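Visitor: Protein sequence lines, in the order shown, are assigned to chains G and H.
My numbering numbers the first residue of the first sequence as 1 and each following residue consecutively.
My numbering numbers the first residue of the second sequence as 180 and each following residue consecutively.
Even for Gly, the Cβ is constructed at its ideal location relative to N, Cα and C.
Keep in mind that this is a model prediction, so the values were computed, not measured.
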Amino acid sequence: MEAAKQNKVKFVGDGIIIFHDVAGAMKGDRTVRAAGYDTKLVAPPPELRMGCDLALEVNLVEQAGIERLFKEKDVPFVRFLPLTKNASQMCDIVKVTDFGKWVMVKAGNMKLSFEKGSGVIVNISGGGCPDIPYLNAEMVDKPLALAPHPNELGYTLCATMLQRAYEEALNIFNGGSRP
Amino acid sequence: MMLLFGTLPDKNFPMTYGQVRPEGDYLFADGQRFSRTQGTGAMISAALAITNYFKLDAPYVLVAGDIGDGKGTRDIYKYLTEHVVELAPEVLTMHYSLPIMALLKKLCETIKGCTTRPFMIADAGAMYAVKGAGLASEFDIFTPDPSEIAFLADPQATHPAYISHYLFACDADKIPGQIEDAFKNKSAAKLLLVKGKTDYVATDGHILATITEPNVPTLEPIGGTGDTITGLVSGLVYAGLEPKDAAIFACRTNRTAGMLAQPTPATKVKEIIDQFPIVAKQNYCSWSGVCYNDACK
Chain G
1 MEAAKQNKVK FVGDGIIIFH DVAGAMKGDR TVRAAGYDTK LVAPPPELRM
51 GCDLALEVNL VEQAGIERLF KEKDVPFVRF LPLTKNASQM CDIVKVTDFG
101 KWVMVKAGNM KLSFEKGSGV IVNISGGGCP DIPYLNAEMV DKPLALAPHP
151 NELGYTLCAT MLQRAYEEAL NIFNGGSRP
Chain H
180 MMLLFGTLPD KNFPMTYGQV RPEGDYLFAD GQRFSRTQGT GAMISAALAI
230 TNYFKLDAPY VLVAGDIGDG KGTRDIYKYL TEHVVELAPE VLTMHYSLPI
280 MALLKKLCET IKGCTTRPFM IADAGAMYAV KGAGLASEFD IFTPDPSEIA
330 FLADPQATHP AYISHYLFAC DADKIPGQIE DAFKNKSAAK LLLVKGKTDY
380 VATDGHILAT ITEPNVPTLE PIGGTGDTIT GLVSGLVYAG LEPKDAAIFA
430 CRTNRTAGML AQPTPATKVK EIIDQFPIVA KQNYCSWSGV CYNDACK
């Protein structure tokens with residue numbers, strides 16, 4: 001049994017923040033979200049990509065406040081740019097597969113499976129960045145609620161997608177609606 | 180020799196080069212111990228099962244600890260770029276690593292200086308770097324999963340997390356078209372082994388074979404079951420099989436091992452790996468029509 005859904009809330013900004021690396025972008029995302037700004041993680045424009053890249057889409061009108069926030073919180077970044085048509089969006093499709101005693105949640109290229117009764121994470125699959133085997137070692141065989149969050153330990157886009165799978169799995173385990 | 184390249188999920192693991200040997204749940208190279216059950220370790224274990232079966236020299240590995248910050252990745256790229264000409268691997272398989280295109284480009288430039296070009300296989304982060312760098316045609320085999328073939332098919336994507344929605348639907352019936360697109364975009368290696376509910380083997384945009392049996396749906400949630408296919412096909416190419424045959428054997432081996440292990444979504448990949456020697460012994464002679472082991476004679 002498989003189902004899919006897309007995130008309902010769609011923030012559309014008009015600017016983009018470029019970071020030195022993915023870890024910086026993830027820290028930037030956490031920082032601006034905690035401060036209440038609207039934001040979403042996106043791909044940088046192709047001419048600025050180096051490989052496993054991540055940028056933040058924001059409202060440019062909030063640039064000064066975000067810059068001040070980054071200075072206060074020590075979040076290094078490269079620069080703000082107006083959003084171009086080339087900034088493609090991250091995959092936001094989540095699929096859920098029911099294996100009877102277990103559920104597999106797939107977000108983008110990452111899959112997380114847990115036992116329905118206990119909430120214990122039994123496997124993590126997919127991805128190709130080096131933090132995924134590390135997150136696998138840190139998260140598997142732990143209950144969802146007690147496992148470390150991928151966005152706290154991870155550095156890469158694969159970890160970002162695993163965070164989405166993790167959040168959906170936790171939502172399902174806590175009785176939330178399934179896609 | 181066969182050289183297997185990738186990162187390990189331990190930030191304190193030093194860069195290590197050496198011939199690998201198994202011992203229990205661990206692998207050893209140059210005195211360093213690492214797990215056989217994760218990512219690169221699972222890939223290496225699968226290749227080792229094949230070299231053992233064919234009584235070939237064990238693979239050499241170039242590994243380093245990396246938890247995503249790229250330090251280990253940079254170390255192994257630097258070492259390989261400096262030493263690949265003298266090491267002269269016959270088969271080079273590149274696996275988990277941070278996709279850093281500049282390092283990959285430099286390595287590929289250096290490899291042009293090898294007296295005999297290695298047979299080159301890429302999966303995981305190394306494959307992302309190859310595609311992003313526009314060097315896919317210099318590789319002999321890629322082993323993408325369904326989300327990764329969608330990534331290869333998308334000319335704009337530099338990571339599987341960014342794929343146009345129409346490609347990401349991941350409907351099984353879209354995979355043949357994505358394979359065709361990946362070749363058209365020059366984002367495919369000479370041969371693609373697409374691992375999934377149906378495994379596809381393709382060259383030049385044409386699907387040469389599909390493998391669907393035995394069908395073991397519970398292999399999908401098990402982390403590492405794609406990594407093992409990459410290791411299997413590496414070992415089989417090193418054993419002398421034609422790339423197409425190696426790809427087909429790898430898929431059949433993984434599926435048959437899965438069937439023997441009777442997995443649930445909670446099964447760990449080492450339980451699948453443990454079946455590879457049995458699968459090879461029971462099936463390789465009949466699958467190929469060539470007798471590889473004394474027990475058949």
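Nearest CA to the CA of G402 (chain H): which residue from G:P45, G:V22, G:M139 and G:V58?
Guide: Minimum Cα distance to G402 (chain H) is reached at G:M139.
Visitor: Over what stretch of residues does the beta strand (DSSP E) that includes V75 (chain G) continue unbroken?
Guide: Neither: V75 (chain G) is in no beta strand (DSSP E) and is coded neither H nor E.
Visitor: Since D324 (chain H) contacts K374 (chain H) with CB under 8 Å, what's their CB separation in whole angstroms?
Guide: So it is a contact: roughly 5 Å between Cβ atoms.
Visitor: In terms of alpha-carbon separation, which member of H:P444, H:I279, H:D453 and H:Q461 lies closest to I223 (chain H)?
Guide: When only C-alpha atoms are compared, the closest one is H:D453.
Visitor: Would C293 (chain H) and A267 (chain H) qualify as a contact pair, given that the criterion is a beta-carbon distance under 9 Å?
Guide: Cβ atoms of C293 (chain H) and A267 (chain H): closer than 9 Å.
Visitor: Using CA atoms only, rank isn't needed, just tell me which of H:K291, H:D319, H:E327 and H:C464 is closest to Y307 (chain H).
Guide: The residue with the shortest Cα to Cα distance from Y307 (chain H) is H:E327.
Visitor: Quick check: the Cα distance between A436 (chain H) and L183 (chain H), rounded to an integer number of angstroms?
Guide: Going from the Cα of A436 (chain H) to the Cα of L183 (chain H) covers about 22 Å.
Visitor: Does I290 (chain H) get closer than 9 Å to chain G when you measure Cβ to Cβ?
Guide: I290 (chain H) does not count as touching chain G.
Visitor: State the DSSP-derived secondary structure class of G117 (chain G), mapped to helix, strand or coil.
Guide: In the structure shown, G117 (chain G) sits in coil (DSSP, three-state: anything other than H, G, I, E or B).
Visitor: Could you tell me which of H:F192, H:A361, H:F213 and H:L314 sits nearest to F204 (chain H), measuring between CA atoms?
Guide: Per the sequence shown, the amino acid found at residue 204 (chain H) is Asp instead of Phe. For D204 (chain H), the nearest C-alpha among the options comes from H:F213.
Visitor: Quick check: the region 250-261 of chain H against the region 271-283 of chain H, are at least 3 beta-carbon pairs closer than 8 Å?
Guide: Because the criterion of three Cβ pairs below 8 Å is met, the region 271-283 of chain H and the region 250-261 of chain H touch.
Visitor: Is S125 (chain G) close to chain H? Criterion is C-beta to C-beta, closer than 9 Å.
Guide: Yes, its Cβ sits closer than 9 Å to a Cβ of chain H.
Visitor: Tell me Y196 (chain H)'s beta-bridge partners as DSSP assigns them.
Guide: According to DSSP, Y196 (chain H) bridges with H:L241.
Visitor: CA-CA distance, A34 (chain G) and V42 (chain G)?
Guide: If I take the Cα positions, the gap works out to 18 Å.
Visitor: Using a Cβ-Cβ cut-off of less than 8 Å, list which residues of the region 307-333 of chain H approach chain G; keep chain order.
Guide: Answer in chain order: Y307, A308, G311, D324, S326, E327 and F330.
Visitor: Give the range of the beta strand (DSSP E) segment to which I262 (chain H) is assigned.
Guide: The question names Ile, but residue 262 (chain H) in the sequence shown is His. Counting along the chain, H262 (chain H) falls outside any beta strand (DSSP E), though it belongs to the alpha helix (DSSP H) covering K250 to L266.
Visitor: Could you pull the DSSP bridge partners for L206 (chain H) from this structure?
Guide: For L206 (chain H), which the question treats as bridged, DSSP gives the partners H:P201 and H:F213.
Visitor: Going along chain G in order, which residues have a C-beta closer than 7 Å to the C-beta of T397 (chain H)?
Guide: Within 7 Å Cβ-Cβ: F99.
Visitor: Hey, does N133 (chain G) have any beta-carbon neighbour from chain H nearer than 9 Å?
Guide: Here the sequence assigns Pro to residue 133 (chain G), which means Asn is not the residue at that position. Closer than 9 Å to some Cβ of chain H, the Cβ of P133 (chain G) qualifies, so yes.
Visitor: Quick check: L135 (chain G) and G117 (chain G), are their CB atoms within less than 9 Å of each other?
Guide: Cβ atoms of L135 (chain G) and G117 (chain G): not closer than 9 Å.
Visitor: Could you give the first and the last residue of the continuous beta strand (DSSP E) run that contains E57 (chain G)?
Guide: First-last of the beta strand (DSSP E) with E57 (chain G): A55 to V58.
Visitor: Please report the distance separating the alpha-carbon of D38 (chain G) from that of K101 (chain G).
Guide: Rounded to the nearest angstrom, the two C-alpha atoms are 38 Å apart.
Visitor: Tell me the DSSP secondary structure of N109 (chain G) in three-state form.
Guide: Here N109 (chain G) sits in coil by DSSP.
Visitor: By the DSSP assignment, the alpha helix (DSSP H) with I290 (chain H) in it spans what residues?
Guide: Taken as a continuous stretch (DSSP letters only), the alpha helix (DSSP H) holding I290 (chain H) covers M280 to I290.
Visitor: Report yes or no: is there a C-beta of chain G within less than 9 Å of the C-beta of T219 (chain H)?
Guide: Yes, T219 (chain H) lies at the interface with chain G (some Cβ there is under 9 Å from its Cβ).
Visitor: Is DSSP giving M180 (chain H) helix, strand or coil here?
Guide: In this structure, M180 (chain H) counts as coil in the three-state DSSP scheme.
Visitor: Does the CB of Y275 (chain H) have a neighbour CB from chain G at under 9 Å?
Guide: Taking Cβ atoms only, chain G reaches closer than 9 Å to Y275 (chain H), which makes this a yes.
Visitor: Roughly how far, in whole angstroms, is the beta-carbon of P400 (chain H) from the beta-carbon of N171 (chain G), given that I think they are within contact range, below 8 Å?
Guide: Incorrect: roughly 18 Å between the Cβ atoms, too far for contact.
Visitor: On a Cα-Cα basis, can you pick out the residue from H:A418, H:W466 and H:K449 that is closest to E269 (chain H)?
Guide: The shortest Cα separation from E269 (chain H) among H:A418, H:W466 and H:K449 belongs to H:A418.
Visitor: Is the Cβ of N109 (chain G) closer than 9 Å to any Cβ of chain H?
Guide: Yes, its Cβ sits closer than 9 Å to a Cβ of chain H.
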